[in-house]
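Protein chains in written order, with the UniProt record's numbering: chain A, 1 to 302; chain B, 1 to 302; chain C, 1 to 302; chain D, 1 to 302.
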């Protein structure tokens, strides 16, 4: 990772001076503030600010449900109830702001989550650093032969070497030319907003990204999933760790109902009922297509 | 206003125990936390939580613009620059959460601002209190004769008395019947989700409302405006005061560029230029309709 | 319902003059255009415009997935695949605009769905009609004794009669006073924006409501659900019928995967697996709370 | 531009078969449907679908304002009124769907407009074509010396030649290696989701982009502006032409109030008033900073 001594000094300074606040404080999150958690070869995530904790979720829910809520359930039970029944607004009452450094091709997937606030480093205004994502050898995977959108086995030997060599050489050469085009040494120098077009998608960018907890969970469900591309999943996994420390009860409910949970279709539910009643259901008698049946069997671990 | 002793004790307890945090702290906002600012006869706003301060705005902008930004401008100048050029994303990096108690007809206008998070007291689940907005005599205005959507002079004498009497009597009777319908004393009791339909739009509801600073400014520009209905403006005005203490530099820029600023159409700009060149422009030679010209003259204070 | 002869004449005129278009046309939706489908005692929904059809969903998906998509799957299979795997953006490519007349207390629930465009009749600007929702006798339900947010048995005899009498009398009296306050006959007349506060929540309002198909499905899943309040469910049910005619393949997938589908938590999935393996799982051995177990058993129809 | 014979045949087929509809039809928009308007060297925009026309805007406004609206104003006057007073919801009642082919670095700016629906070609799933944006010689501009985020004079002679040569060679080589990495000829072939990271930001991508008219106007105001980067402005300009044909009255109001209009700050307005009263205001007496004063003078064309 690329935390410079200057940046580390800034982080240390920010962490050295706690100040009193009357706001809700999450001890688990305070320990993460400002520190950079490395992701991939040059990337990181770090928490810049947060609002709320587990209690803020139940407090908001109790505004909705009035006094009755207080007696019936403890905080953890209420949070599980809210998650189970898709009462999403109380989770929206927590907010978090990350500083993220990530390759551009990961940023392009990430930004599709629209319900978030973003300030990205502007390559129109400033000059990007010479930092590129080059996969670790064990992440250099072949195209899947069964899934257009997936990976197969890890590349071996000469093929792997050739790929790494091409990635490195092209990145280096593109960046050399980027600098040459920008240079004002004996020439005018191309506009930054144009020169950047020569840079490949594995160059690193960075941004501030702010999102509420409900939408963060939605992001994590999709991007920490086994079907997500490894490079974005690495960021999502790091965020899962932080979120677990920030709002432990909400995160536990998220794990049980979302990450570990599954959706059963009406047909799937009907099949489960028949199977529990002792019937030997097959794809032919299930009413499902072959693809659905395969997924259904996978879900049941058969 | 209706802060019960219980609620006051809770506020006092929350304010009694500052805790250390590493996050950005706004001293101006800390002093408001949890305390209720009265609005109208039974309403209030109170700040429940916040994220960020003036420095968080420039910090986010500097992620975008890189190192160059640091040298050139101080924080206040940069904030004014961002506001002037509609760079809205750095303002989105601050967030605030209010607890608001307000009449239902105000809530109905308010909720049209969609980019916010809301948890409202549920009259489907719980029973509403007997609290109604009854305007102060000096707020009991006649229908405007020139503006379908505005107020004229204050009602006087018997007419004013009749109106107040009707508002009070109808509210009281509707609430009596609400209670009678709900009662399970010697009868089943109507469902809450049905009984509430008997209640008038001046009954009070409450909610948690969370919004980022950019969208809060948009709300305030529309709702603290002289053309907004007085009853929602009273809430917006109270929020303006809080926001000024929270992010003084951003609020000052907002006042200059948004609240006090105006939009000139292409035609209006052309007219200003001609007038500055000494021409006596009239509605006939302005290219504007009569309505536009009237508004244009009003803008220039003529 | 309250379609006036004037309105019917307008509908007839709009339906009398088909015009040629090159856009995608849904025959099933054309037959609904402009006509009012009655809901509750004075309400309705009617389709004002729409964009796209089933083919527009797959067309958008094929932009994403490229040429490969064409060969593999027919439209219906692709739509089911997209729905099953939560690929929501192709469904966002269809849009629909409704004109809805509905009681205010229903409108207050409805508006919580934020990802939609709305133009509501303004009681600040105009005068509302004397139309109130009065439930049919078989919809006059008691408060549920087991669910704070639900209905029990239908009220009977004198209690039902008293409730209906109160609802009607209060609505009528409030409206009489609304008119008296507004009247400019021998007095100034109260501002409309103030007089409206005397009106109860069962008065009818109306709006144009425009939404994309993905968000419409989300609305329908929540509001056509058995746990939704009957009065909003009546609108959602009417919309389900229209949507089925508009995009039959997407609606069929929605029914299977969303309306008829269920979510199994990680714990619930584990229990199903154990039960399929022959184990007699009980609440005690399930790892679930009593409430969860009850819902789990209900889901499996046990 | 790169419309293949196959694509042209598809466009011709789609345009050959008008079908009857009862929906609002915009004649000006029908003529654009499906046809590709070239932008840059390989890009285009084309209208895939639309909803509504000028009349749909006023129709929605009249739902809000009730009967009164009908008498007072004609459609054009009402549309100008709505635009002038920032009544944005009626404009949200129109919707348009474009198919856009554009370089990735333009797509990255574009996607920051969040209130839109997008389906982008997936380079995770499919293989991108060998098409790169190479600027026309008169668009090869130097970095501005006064504005970090702008262009200066056009590059000349050898410098221009060197830049073009680098852009072309790097694009070509990166794509050659992209193909070599993907190849399954005698090797496994790298996963598509990884190989794409070698491609530079001037490669073309494509997407379906759907947006309502209010948000389209917001996009056009920012991206058809003289300060926008030329390459995205070329797309915005093409969209302006289409929008003018689609909703001529709304577009005319947009031109007058937004594109051609300006914002005056409170201080700026005060200065205009003083100048109109005959005072010779200078930067020193204006209360503005030097930067603000320079922009203010520029606005007034002095």
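Just so it is clear, CB atoms sit at the ideal spot from N, CA and C, and this is done for glycine as well.
### Message
Just verifying my parser: in three-state terms, what is the DSSP assignment at residue 200 (chain B)?
### Response
strand
### Message
Quick check on the DSSP output: what are the complete alpha helix (DSSP H) runs of length 4 or more inside the stretch 217-280 of chain C, in order along the chain?
### Response
230-246, 248-254, 266-276
### Task
Could you give the DSSP three-state label for residue 131 (chain D): helix, strand or coil?
coil
### Query
For the beta strand (DSSP E) that residue 83 (chain A) lies in, which residues bound it at each end?
Residue 83 (chain A) -> not in any beta strand (DSSP E); alpha helix (DSSP H) instead, spanning 75-84.
### Query
Going along the chain, which residues of the stretch 256-270 of chain C sit with their C-beta nearer than 8 Å to a C-beta in chain A?
256, 257, 259, 260, 261, 262, 263, 264, 265, 266, 267, 268, 269
#### Entry: Proximity test, Cβ basis, 8 Å: residue 207 (chain A) and chain B
yes
### Query
Listing by chain order, which chain B residues have their CB less than 9 Å from the CB of residue 98 (chain C)?
Here the premise fails: no neighbours, minimum Cβ distance about 18 Å.
### Query
Can residue 42 (chain A) and residue 133 (chain A) be called in contact, C-beta distance under 8 Å?
yes
### Query
Can you pull the DSSP bridge partners for residue 151 (chain C)?
C:143
### Query
Which residues does DSSP pair with residue 205 (chain B) in a beta bridge?
B:102
### Task
Using a Cβ-Cβ cut-off of less than 8 Å, list which residues of the stretch 112-138 of chain C approach chain D; keep chain order.
117, 118, 119, 120, 121, 122, 125, 126, 127
### Message
Run through the DSSP bridge pairs and tell me what residue 117 (chain A) is partnered with.
### Response
A:210
### According to DSSP, residues forming a beta bridge with residue 21 (chain C)
D:19
### Query
Name the DSSP beta bridge partners of residue 299 (chain A), please?
In DSSP, residue 299 (chain A) forms no bridge with anything.
### Against chain B: residues of the stretch 33-46 of chain A by CB proximity under 8 Å
33, 34
### Message
Can you look up residue 112 (chain D) in the DSSP assignment and give me helix, strand or coil?
### Response
coil
### Message
Quick check on this structure: which residue in B:92, B:45, B:37 has the alpha carbon closest to the alpha carbon of residue 206 (chain B)?
### Response
B:45
### Query
Nearest-angstrom Cα distance between residue 263 (chain C) and residue 230 (chain A)?
26 Å
### Message
Rounded to whole angstroms, what is the Cα-Cα separation between residue 141 (chain A) and residue 246 (chain B)?
### Response
51 Å
### Task
Would you list the residues sitting across from residue 95 (chain C) in a DSSP beta bridge?
C:51, C:212
### Task
Could you name the residues of chain A that residue 14 (chain B) contacts, counting a contact when the two beta carbons are closer than 7 Å?
22
### Query
Is it right to say residue 147 (chain B) is buried, meaning 16 or more other beta carbons lie within 10 angstroms of its own, or is it exposed?
exposed
### Query
Are the C-beta of residue 180 (chain B) and some C-beta of chain A separated by less than 8 Å?
no
### Integer Cβ distance of residue 200 (chain C) from residue 200 (chain B), believed to fall under 8 Å
5 Å
### Message
Once the 5 residues before and after residue 170 (chain B) are set aside, which same chain residues still bring their CB inside 8 Å of it?
### Response
200
### Spatial neighbours of residue 137 (chain D) in its chain, beta-carbon cut-off 7 Å, leaving aside the 5 residues before and after
160
### Task
On a CA-only basis, which of C:291, C:64, C:122, C:95 is nearest residue 81 (chain A)? Give me that one, please.
C:291
### Message
Assuming residue 37 (chain C) is part of the beta strand (DSSP E), what are its boundary residues?
### Response
37-39
### Query
Helix, strand or coil: how does DSSP classify residue 3 (chain C) here?
coil
### Message
Let me check understanding here. Comparing Cα to Cα, which of D:279, D:157, D:125 lies closest to residue 191 (chain D)?
### Response
D:125
### Message
In this structure, how does DSSP classify residue 33 (chain D) when only helix, strand and coil are distinguished?
### Response
coil
### Test item: CB-CB of residue 15 (chain A) and residue 40 (chain A) under 8 Å
no
### Message
Taking the alpha carbon of residue 303 (chain A) as the reference point, which residue from A:63, A:86, A:57, A:64 has its own alpha carbon closest?
### Response
Residue 303 (chain A) lies beyond the residue range present for chain A, which begins at 1 and ends at 302; the question has no answer from this structure.
### Task
With 8 Å as the threshold, decide whether the Cβ of residue 304 (chain A) is near any Cβ in chain D.
Any answer about residue 304 (chain A) is impossible in this case: the structure gives chain A only from 1 up to 302.
### Message
Please classify residue 59 (chain C) as buried or exposed, where buried requires at least 16 neighbouring CB atoms within 10 angstroms.
### Response
buried
### Nearest to residue 149 (chain D) (by Cα), restricted to the options B:300, B:7, B:64, B:106
B:64
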